[in-house]
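Counting with the numbering used here, you get residues 4 to 217 for the letters of the sequence shown. Just so you know, even glycine gets a beta-carbon here, dropped at the ideal spot from N, CA and C. Note that the structure is a prediction, hence the values are computed from the model and not measured.
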Amino acid sequence: MLAPAGGAAPDTAVVLLHGYGSDGNDLIALAPHWQGVLPGALFVSPNAPQPAGMAGAGYQWFAIDWAGDRLASRQTGVVEARPILVEFLADLWAQTGLAPERTLLAGFSQGAMMALHVGLSLPAEQRLMGVIGFSGAFLPPEGFGGADLARPPVCLIHGESDDVVAVGHSIEAEKMLREAGLDVALQVTPGLGHGIGPEGLDFATRFIARVAAK
4 MLAPAGGAAP DTAVVLLHGY GSDGNDLIAL APHWQGVLPG ALFVSPNAPQ
54 PAGMAGAGYQ WFAIDWAGDR LASRQTGVVE ARPILVEFLA DLWAQTGLAP
104 ERTLLAGFSQ GAMMALHVGL SLPAEQRLMG VIGFSGAFLP PEGFGGADLA
154 RPPVCLIHGE SDDVVAVGHS IEAEKMLREA GLDVALQVTP GLGHGIGPEG
204 LDFATRFIAR VAAK
């Protein structure tokens, strides 16, 4: 957790969701890059709820079926992990007094899958300030596109050479979200693998500046 500089009460929350086999210390490193556009933000980067299946690894939001249908395990996984993240957000809002519209949800890889699924499955009255997915995939929640679900602006960033989660997942997500009428921005970084590069980070920062100003 990283509080606003100067000790002032936060006016925004940024929740950062790490990828498979990592922990909350990973994405908290993004905070210094975004404090300039969100000087009053509280940055929170929780550990995922389960130990990762690999020996010596960190945590996972859900298990991956490495030998079977990986896509099916992702869809099942985000649905099963959703209540944990929803409860975390509710506790955050209750403890800080911040509203969903002053909350940014961002994630990398498996964390991006969670951010996109949960951010677009919340009720309409809990519309987030924005959702950012680095190197992830969109696994649509039940009822996606309906008027009763939140429709936050979405930023998708992916390395063109990603060999862990193919860039096609973000391209497909952008198309699906745009066709549903959402505000969505996509940046594909040439030559980048499964990671976060400076171009994508700058793209995300510009997205944050735009949605924070609304």
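1) Secondary structure at G114, three-state DSSP: helix, strand or coil?
2) Can you tell me where the alpha helix (DSSP H) with G22 in it begins and where it stops?
3) Using a Cβ distance threshold of 8 Å, determine whether the region 76-90 contacts the region 181-200, with at least three qualifying pairs required.
4) Tell me which residue opens and which closes the beta strand (DSSP E) that A44 is part of.
5) Between the region 123-135 and the region 93-109, do three or more beta carbon pairs fall short of 8 Å?
6) Output needed for P7: all residues of its chain with C-beta closer than 7 Å, excluding positions within five of it in sequence on either side, in chain order.
7) Would you mind giving the Cβ-Cβ distance between L101 and A11, rounded to the nearest angstrom? I have them listed as a contact below 8 Å.
8) Could you say which of C158, E83 and S173 lies nearest to A212 if we only look at CA atoms?
9) Of the choices S124, A216, P156 and G27, whose alpha-carbon is the least far from that of P86?
10) Thinking just about the alpha-carbon of each residue, which of L5, G39 and Q38 is nearest to the one in N28?
11) Could you name each continuous alpha helix (DSSP H) segment of 4 residues or more that falls completely within the region 122-190, going from the start of the chain to the end?
12) For E177, count the other beta carbons within 10 Å of its own beta carbon; 16 or more makes it buried, fewer makes it exposed. Which is it?
13) DSSP beta-bridge partners for A109?
14) Going straight from the alpha carbon of V47 to that of G148, what length do you get?
15) Residues in the same chain with beta-carbon distance under 6 Å from A153, minus the five sequence neighbours each way, listed in chain order, please.
16) For Q63, which beta-bridge partners are listed by DSSP?
17) Bridge partners for L5 per DSSP, in chain order?
18) For P13, report the span of its alpha helix (DSSP H) as first-last.
19) For W37 and E83, I'd like the C-alpha separation in whole angstroms.
20) Can you tell me which residues form a DSSP beta bridge with T192?
21) Can the beta-carbon of G198 be found less than 9 Å from the beta-carbon of G162?
22) In terms of alpha-carbon separation, which member of Q190, P155 and S138 lies closest to D205?
Walking through what the data contain:
1) helix
2) That residue, G22, is in no alpha helix (DSSP H); it is neither H nor E in DSSP.
3) no
4) A44 to V47
5) yes
6) P13, P42, G43, A44 and L45
7) Contact flag wrong, Cβ pair sits at about 13 Å.
8) C158
9) S124
10) L5
11) 171-182
12) buried
13) L19 and I135
14) 28 Å
15) L125, A127, Q129 and R130
16) Q53
17) F46
18) From DSSP, P13 is part of no alpha helix (DSSP H); its letter is neither H nor E.
19) 31 Å
20) G162
21) yes
22) Q190
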